[in-house]
Amino acid sequence: MVNKICLVIKSPPYGSGRAAEGLRLATALIAMNVMPHILFIDDGIYFLLKNQKPEAAGLTSFGERLKTLADLAGLHAARDSIAERELKPSDLDENYNVKTLSLDETAELISQDEAAITF
Amino acid sequence: MKLPLRKHKRWCMSVGRLLIILFTPPWQSENTDTVYEFAKAALEEGHEVTVFCDIDATYNLMASQILADQTAPAGKIAKLIEMGARVLACQESARLRGIDLKKNLVRGVVKSSLGQLAIELAEKHDRVVAFG
Amino acid sequence: MLITLSKSPPFENSNSILEIAKRVAEKGEKVAILLIQDACAAATMSDYCDKLALNEIEVYALKADCQARGLTDKADRRVKLIDYKQWVRLVMTEHKNIISWTS
């Protein structure tokens with residue numbers, strides 16, 4: 077049995093469907109009563125920005141799904157990835173209650189996981 | 068964690084249950100070829116191997132791609148099944164891509180779902196490796 | 003902890019995982035990086051290998067992928083070239099935490 081799973085969202089939203097599948101898998105795991113760690117790192121942090129208007133490009137919003145995942149499993153984001161992209165934690169949507177992590181804390185999170193899958 | 072110690076028929080070694088998740092379509096990346104070689108090696112070492120094809124990876128499972136004069140990725144999947152791997156396909160992914168699950172799936176592929184992947188991930192394997 | 007990289011660092015956003023790997027190694031956990039596919043290029047970069055060696059992170063590269071790319075002779079001497087069976091053993095018996103940094 078794999079005891080703890082980390083879904084690492086490192087691709088940005090919209091440009092590719094890759095990360096969307098990670099969010100869907102997170103939902104499926106939670107439905108089976110398995111709480112994954114959900115970590116946004118590198119370009120994945122763009123999922124968490126406020127004021128997104130995907131409908132402007134004819135795209136589907138991730139807002140609802142992210143809110144559900146935030147409420148049920150909690151969302152983590154790497155602080156360094158935010159800063160590297162010239163953003164601040166206050167640029168993230170406060171509805172998601174994102175827990176921002178230092179590199180040490182991120183390492184601590186991932187060490188607990190027996191499987192980590194990137195999206 | 069300790070793997071269950073089950074004696075393989077010929078060798079004394081611990082065998083485990085390996086889940087491989089593939090997300091990418093054939094030809095666009097090396098993943099299908101890597102999965103084939105890695106899964107083959109795991110089977111030869113006596114491990115139980117499951118390959119789950121999700122999203123675009125369902126394109127690897129089209130029987131119509133298997134032609135006599137070439138080694139298509141779908142052919143490699145078919146070989147893995149022959150060698151004893153369990154290959155699962157996300158039905159929703161396949162349907163969205165217009166893949167005919169009744170007539171065009173490589174023989175032996177099991178129709179599955181993201182919900183089943185969640186179960187496989189959480190309960191049924193000792194190790195998980197993902198590609199793509 | 004075994005971290006598999008399939009895209010060529012340092013160009014493909016793999017700096018974060020390297021930083022994470024360093025911190026996990028600092029805490030005393032056995033950490034190894036396996037370079038497969040295009041990531042094999044990193045096996046030939048001494049700077050990259052220096053960084054890993056400094057943090058006592060073992061580096062493996064998939065021999066078949068290095069051979070495919072003509073990189074076997076150029077691989078840093080600290081990189082262990084392994085075959086598929088050895089990769090299976092790394093995953094199934096030598097490491098408990100498997101990180102697939104392959105997307």
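Protein chains in written order, with the numbering used here: chain A, 77 to 195; chain B, 68 to 199; chain C, 3 to 105.
Built from N, CA and C at the ideal position, the CB exists for glycine as well.
Here Met150 (chain B) is exposed. Its C-beta has fewer than 16 other C-beta atoms within 10 Å. Using beta-carbon distances, Asn57 (chain C) does not count as an interface residue toward chain A, since no partner is under 7 angstroms.
Contact annotation: Ala77 (chain C) and Asn57 (chain C) have beta-carbon atoms that are not nearer than 7 angstroms. Note on Met129 (chain B): 16 or more other CB atoms within 10 angstroms of its CB, so buried under the neighbour-count rule. In this structure, Thr99 (chain B) sits away from Asp123 (chain B), with a CB-CB distance that is not shorter than 7 angstroms. Membership of Phe105 (chain B) in the alpha helix (DSSP H) is indicated by the continuous run 98-111. Excluding the 5 residues flanking it on each side, Thr194 (chain A) has same chain C-beta neighbours closer than 6 angstroms at Val84, Lys86, in chain order. In the DSSP assignment, Ala141 (chain B) falls within the alpha helix (DSSP H) that extends over 140-149. Listed along the chain, the chain B residues whose CB falls inside 8 angstroms of the CB of Ile193 (chain A) are Ile88, Val195, Ala197. Separation of the CB atoms of Ile106 (chain A) and Leu151 (chain A) is rounded to 12 angstroms, and the pair is thereby denied contact status at 8 angstroms.
DSSP assignment within the stretch 10-86 of chain C yields the following whole beta strand (DSSP E) runs of 3 residues or more, N-terminal first: 34-37, 60-64, 82-84. With the criterion set as a beta carbon lying under 7 angstroms from some beta carbon of chain A, the members of the stretch 13-32 of chain C are Asn15, Ser18, Glu21, Ile22, Arg25, Val26, Glu31, in sequence order.
Under DSSP, the beta-bridge partners assigned to Trp103 (chain C) are C:Leu7. At a cut-off of 7 angstroms between beta-carbon atoms, Ser48 (chain C) makes no contact with chain A. Rounded to the nearest angstrom, the Cβ distance from Ile117 (chain A) to Asp189 (chain A) is 13 angstroms, too far for a contact under 8 angstroms.
Residue burial annotation: Gln132 (chain B) is buried, with at least 16 other C-beta atoms found within 10 angstroms of its C-beta. Within chain C, the C-beta atoms nearer than 7 angstroms to that of Thr182 (chain A) come from Ile22, in chain order.
Closest by C-alpha distance to Met94 (chain C), out of B:Ile88, B:Leu89, B:Gly113, is B:Gly113. DSSP lists no beta-bridge partner residue for Glu140 (chain A). In the three-state scheme derived from DSSP, where H, G and I count as helix and E and B as strand, Val82 (chain B) is classed as coil. Residue burial is scored here from C-beta neighbours: Ser102 (chain C) has at least 16 other C-beta atoms within 10 angstroms and is therefore classed as buried. Taking 7 angstroms as the cut-off, the Cβ atoms of Leu124 (chain A) and Tyr172 (chain A) count as close.
Sorting B:Leu134, B:Ala109, B:Val177, B:Val82 by C-alpha distance to the C-alpha of Asp121 (chain B) places B:Val177 at the top. The C-beta separation of Thr117 (chain B) from Ala152 (chain B) comes to about 7 angstroms, placing the pair in contact by the 8 angstroms criterion. For Ala104 (chain A), the closest Cβ of chain B is nearer than 7 angstroms. The residues Ser8, Lys9, Ser10, in chain order, have a CB closer than 7 angstroms to that of Asp40 (chain C) in the same chain once the five nearest residues on each side in sequence are set aside.
The continuous beta strand (DSSP E) containing Arg153 (chain B) extends over residues 153-157. Proximity of chain A to Thr104 (chain C) at the Cβ level (cut-off 8 angstroms) is accounted for by Thr194, in chain order.
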